[in-house]
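4 protein chains.
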Amino acid sequence: MSQKPDFMEPCELEIVIRPPLKLASLQAHPERTIVVVNGIPVGGPEVVVMAGPCAVENEDQIMSTARAVKAGGGKILRGGAYKPRTSPYSFQGLKEEGLKLLAQAREETGLPVVTEVMDARHLDLVSRYADILQVGSRNMQNFTLLEEVGNCRMPVVLKRGMSATIEELLQAAEYVMKGGNHQIILCERGIRTFETSTRNTLDLNSVPMLKKHTHLPVIVDPSHGTGHAWMVPALAAAAIAVGADGLLVEVHYKPQEALSDGVQSLTPDNFELMMNALKAVAAAVGRR
Amino acid sequence: MSQKPDFMEPCELEIVIRPPLKLASLQAHPERTIVVVNGIPVGGPEVVVMAGPCAVENEDQIMSTARAVKAGGGKILRGGAYKPRTSPYSFQGLKEEGLKLLAQAREETGLPVVTEVMDARHLDLVSRYADILQVGSRNMQNFTLLEEVGNCRMPVVLKRGMSATIEELLQAAEYVMKGGNHQIILCERGIRTFETSTRNTLDLNSVPMLKKHTHLPVIVDPSHGTGHAWMVPALAAAAIAVGADGLLVEVHYKPQEALSDGVQSLTPDNFELMMNALKAVAAAVGRR
Amino acid sequence: MSQKPDFMEPCELEIVIRPPLKLASLQAHPERTIVVVNGIPVGGPEVVVMAGPCAVENEDQIMSTARAVKAGGGKILRGGAYKPRTSPYSFQGLKEEGLKLLAQAREETGLPVVTEVMDARHLDLVSRYADILQVGSRNMQNFTLLEEVGNCRMPVVLKRGMSATIEELLQAAEYVMKGGNHQIILCERGIRTFETSTRNTLDLNSVPMLKKHTHLPVIVDPSHGTGHAWMVPALAAAAIAVGADGLLVEVHYKPQEALSDGVQSLTPDNFELMMNALKAVAAAVGRR
Amino acid sequence: MSQKPDFMEPCELEIVIRPPLKLASLQAHPERTIVVVNGIPVGGPEVVVMAGPCAVENEDQIMSTARAVKAGGGKILRGGAYKPRTSPYSFQGLKEEGLKLLAQAREETGLPVVTEVMDARHLDLVSRYADILQVGSRNMQNFTLLEEVGNCRMPVVLKRGMSATIEELLQAAEYVMKGGNHQIILCERGIRTFETSTRNTLDLNSVPMLKKHTHLPVIVDPSHGTGHAWMVPALAAAAIAVGADGLLVEVHYKPQEALSDGVQSLTPDNFELMMNALKAVAAAVGRR
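Chains as they are written, first to last, in my numbering: chain A, 627 to 914; chain B, 627 to 914; chain C, 627 to 914; chain D, 627 to 914.
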């Protein structure tokens, strides 16, 4: 059928000419952005480690894990209260109860909290408890959510979609910035490829490429980027060496009992070992 | 670093054991679902063609195109009022004004309307005008939107995410069905691969694979699946031959002037030529 | 490290300007090539089906299967004597003994034979027995093999590499043609993507795209393109509908006992059912 | 068509059970292999840098570049005499003349030479000049070449195919080892994904994953892994941090005039800057 000339129109290369990045580009804004969270600068000389469980599960779990994160040298506590799960029958998070537990963990440890917002309608609630909002991979092109997050005035971790190009991640950041919120931290967390031995393929190429094109800080999530806890320290070291401004790492006080992502969560002991090992790598590239 | 035994935990294959598909699976529900839209059955012997512009742009455009769709044998009118666009500076759709124009086109032509809902907060509005809700590729794992659409009692076209596996598409359908809405039409629209000469790689393998595992009807979008209008008729024929229950096709009365997706939109004349050619293919596989 | 200006050179878009296709392009040679194999034209109005086992295993197997191919309407017998296998410990083919069995099957059935050549040093031997040489996916960019095949004067099936772009497939054909051998049949056999429920993703977009750019005939292998025998008939129909000039299909007289690719091989009965069903599809697109 | 029960056979998950890795696996051979090239150990505490031009072009180019490699601290000289090129009209290498120039560069600088062998028939010639044979990405599953290289008794750099899984790379190494040649250095050089801003996606996950499963040394090629010279230092640092035993880097004395890969080749000055920066990273992970 394709041979019938009736259907043949002259072939033109489809060139997608997208509007430029007015706000997110380094050219437009040559000074690098430092996002400050409760006094902690992300994007400066210090590599900032955000760590904690995939999901908040109960008081004992989040409090114990938060203490371990603090003890190991983590600066920000991560933990999901609203969880995007592939199956509707999987654990969906504790919702507001989870947010309250995060706030309790912050109160005790002093660690600011990053947690995901999945829906614009939860934004008021989540932003009352969170210090940093997280927009997850599955929502990187949820444009109405990006716009609402752009109307907030609080830091945002924007995770790369699992099949998003680097340019699309920057365009997503532009959506948020257009609303006036310029405190964005970009996060590489692995892309989907043909390789099956790892959960995703961590694309560390993206770190220098993003930094060439934008002034925004860039962090790396080696937990989702590999899917295996035993690989996390090696890829965390690589992320720092390649120029990342921070890490987002899953830690759980009892990974074997985790309701989600246990296989990729570090134990408190291994988190501490990793943090000690990373100091030398950071120093080697002029960071701390 | 990866060589240090300190970091090495016993490696276990990450086996994701997801809850089964209670509602979407063919095993659970061995009778095939037929979704009826204003008297038009999708999933029965007739191949149903949904066609129209990417976005509603103005009255002349949508009315002229709707007439062409009807004249060519299209049964359902597609057109976007809310448009997910990669850049915030691209045309974002006419919103409610666009919905009104779609309703006007339906009134004149009698064609029911399928249009995208991007945000749960637009659901009341969009469902007042639409006959079928569309959940787009970028929202296939916007789980709160899926849940809200599940609370509606109207047909839904659920498009495969650009890097979603077939299993993930079925799990997304399960989210909608869990809310009680069983009128779901799955749509293959191409996946993201390394090939650059086409916009996406249309995965026609997915049609028989989906039909092996689910009772829901499956349609194919060769416009997004190729990105080139001249390729659409050939891939539309292939989609029917492989067993699709319908097509979703972009048609524009003046593709060169389209505000989006012009390169992949058929002219009214080429749409009519295609529709005539498809009749024989449908007959060859026992469809009409 | 990437931030240090010392390492920064002005970034230029890497534009690969490759020499044009002097011989393979449709522009250079506007008349479509028909490759004639023992009187059978490939690239004309008739859709030519090449079928047979993955590997020649023994006399009973190849003779029985060849008879079934002939009975079902297949025009050319496929069968591997030299087998590229991922593990060195898997069955590697019967080599010259396999070629002799293919010749015996040709003698009895009259079907010409297509078989793979994996190494330039086997070319003399293989070309004494084969009617069509096959260059497999793993060798699509084995350029010295392509050059040697270009020095032959016999038809060649050139299979797309599992991660080769359409342009790279055409450049590989150009290598063969540069040596003077213009009897090339291109073969789409699926590409490697993230989808895991099928062995490969059959890229039917490639058929019209190839035909837009080259005068060479194009066939499709739905066996490797899906990895499941039960999917082959549906994708074979789609391949014909999209404009393929032929099919390459795996058939085995006892798939459960096959030494390779049993899961994707049709039984003789299912091959015959498929061939009957395909007649109507071919007719629907003006082919036989 | 796929709905017809006639074609439906019971669906079984296609489980490919491949023969185990008898020789390449760490379990079979728990001591890590160190490949010694002219006294230089690859796989020991020292990170070994192999550097040089993509292709040998002329005496001035290879001699000047070799001196720069030596001056910068490179231990092994790379350079192609036989070049696999996508188009038959691109520069294909100087062949034996190129090998002679490599030998001349070795004589002056003392650097051993790694160079690609594309064809089993060139093996005698290439192995007379080379210290390490390279099997390129496009030949990773050229099984007859792997077997012949397995009959040699000299070190081999085996590069991962651009869409090869980690398991397939290990199976390819097993082919070489089965012939008796155990001196294999595996090389990660980037895989093909949907991302277009970089030439390939460097998969640093593969380094710890390979080291978990094999005793063979693993090096990384950040030049092909990124496609941009300005990115090479950052990814080289990451490769060392993640645990690579060495690097394969393109350096050219005048990248703007290179006949191939100029965009991804470092200048001598930038190579030296990079080498100095890498020392600290190596020290940070307990290497030199």
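For glycine and all other residues, C-beta sits at the position ideal for the given N, C-alpha and C.
Item, Value
"Could you check whether R815 (chain C) and A851 (chain C) sit closer than 7 Å to each other, using their CB atoms as the reference points?", "It should be noted that the sequence gives Gly, not Ala, for residue 851 (chain C). Yes, the pair counts as a contact, with Cβ atoms nearer than the cut-off."
"Tell me which same chain residues have a C-beta within less than 8 Å of the C-beta of E598 (chain D), skipping the five on either side of it?", "The question about residue 598 (chain D) has no answer here: the residues shown for chain D are numbered 627 through 914."
"What does the alpha-carbon distance come out to for the pair L904 (chain B) and K701 (chain C)?", "28 Å"
"Can you tell me where the beta strand (DSSP E) with M835 (chain D) in it begins and where it stops?", "No beta strand (DSSP E) holds M835 (chain D); the alpha helix (DSSP H) holding it covers 832-839."
"Using only the alpha-carbon positions, how far apart do T733 (chain C) and G719 (chain C) sit?", "Note that residue 733 (chain C) is Glu in the sequence shown, not Thr. Each residue's alpha carbon lies about 21 Å from the other."
"According to the Cβ coordinates, are A864 (chain A) and L830 (chain A) closer than 7 Å?", "yes"
"Any beta carbon from chain B within less than 7 Å of F769 (chain D)'s own beta carbon?", "no"
"List the endpoints of the continuous alpha helix (DSSP H) containing M857 (chain C).", "Neither: M857 (chain C) is in no alpha helix (DSSP H) and is coded neither H nor E."
"Going along chain A in order, which residues have a C-beta closer than 7 Å to the C-beta of A864 (chain D)?", "L830, A864, A867, V868"
"If we cut at 7 Å on Cβ distances, does M780 (chain C) have a partner in chain D?", "no"
"Restricting to runs no shorter than 4 residues, where is the alpha helix (DSSP H) found entirely within the stretch 633-712 of chain C?", "685-698"
"From which residue to which residue does the alpha helix (DSSP H) around Q797 (chain A) run?", "792-804"
"Measuring CB to CB, does I688 (chain D) end up less than 7 Å from G705 (chain D)?", "yes"
"Are the beta-carbon atoms belonging to L737 (chain A) and V743 (chain A) less than 7 Å from one another?", "no"
"K785 (chain A) lies in the alpha helix (DSSP H); which residues open and close that run?", "From DSSP, K785 (chain A) is part of no alpha helix (DSSP H) but of the beta strand (DSSP E) over 782-785."
"G742 (chain C) bridges to which residues according to DSSP?", "In the sequence as displayed, the identity of residue 742 (chain C) is Glu instead of Gly. Answer is C:Q760, bridged to E742 (chain C)."
"Could you check the C-alpha separation between N896 (chain A) and L861 (chain A) for me, to the nearest Å?", "14 Å"
"Can you say whether Q890 (chain B) is buried or exposed, counting buried as having 16 or more other CB atoms within 10 angstroms of its CB?", "buried"
"Looking at S713 (chain A) and R754 (chain B), is the spacing between their C-beta atoms short of 7 Å?", "no"
"Kindly indicate the opening and closing residues of the beta strand (DSSP E) around V775 (chain D).", "No beta strand (DSSP E) contains V775 (chain D), which is instead part of the alpha helix (DSSP H) from 769-777."
"So the candidates are C:M766, C:E876, C:I660, C:P859; which of them puts its Cα closest to the Cα of V907 (chain C)?", "C:P859"
"When we look at the beta-carbon of L639 (chain D) and count the other beta-carbons within 10 Å, is it buried (16 or more) or exposed?", "Residue confidence is low: L639 (chain D) scores 34 on pLDDT, short of 50, so the model does not pin down where it sits. Its coordinate-derived value is still stated next. The residue in question, L639 (chain D), is exposed, as its Cβ has fewer than 16 Cβ neighbours within 10 Å."
"Please check the pair A855 (chain A) and P881 (chain A), which I expect to be a contact at CB under 8 Å, by giving their CB distance rounded to whole angstroms.", "7 Å"
"In or out: N684 (chain A) buried (at least 16 other Cβ within 10 Å) or exposed?", "exposed"
"Between R658 (chain D) and H841 (chain D), is the Cβ-Cβ spacing less than 7 Å?", "yes"
"Under 7 Å, Cβ to Cβ, is there at least one residue of chain D near F820 (chain B)?", "yes"
"Give me the DSSP bridge partner(s) of G872 (chain B).", "B:V674, B:I845"
"For A697 (chain B) and Y879 (chain B), I'd like the C-alpha separation in whole angstroms.", "13 Å"
"With 16 as the cutoff for other CB atoms within 10 Å, does T824 (chain D) come out buried or exposed?", "buried"
"When you compare the CB of Y879 (chain D) with every CB in chain E, is at least one pair closer than 7 Å?", "Of the protein chains in the structure, A, B, C and D, none is chain E."
"Is the CB of I792 (chain D) under 7 Å away from at least one CB in chain A?", "yes"
"Using a Cβ-Cβ cut-off of 7 Å, state whether R815 (chain B) counts as contacting chain A.", "no"
"Excluding the 5 residues flanking A694 (chain C) on each side, which residues of the same chain have their C-beta closer than 7 Å to its C-beta?", "V877, Y879, P894, F897"
"For E814 (chain A), which residues does DSSP report across the bridge?", "A:V846"
"Between D745 (chain C) and chain D, is any beta-carbon pair separated by less than 7 Å?", "yes"
"Quick one: Cα of R747 (chain C) to Cα of F717 (chain B), how far?", "60 Å"
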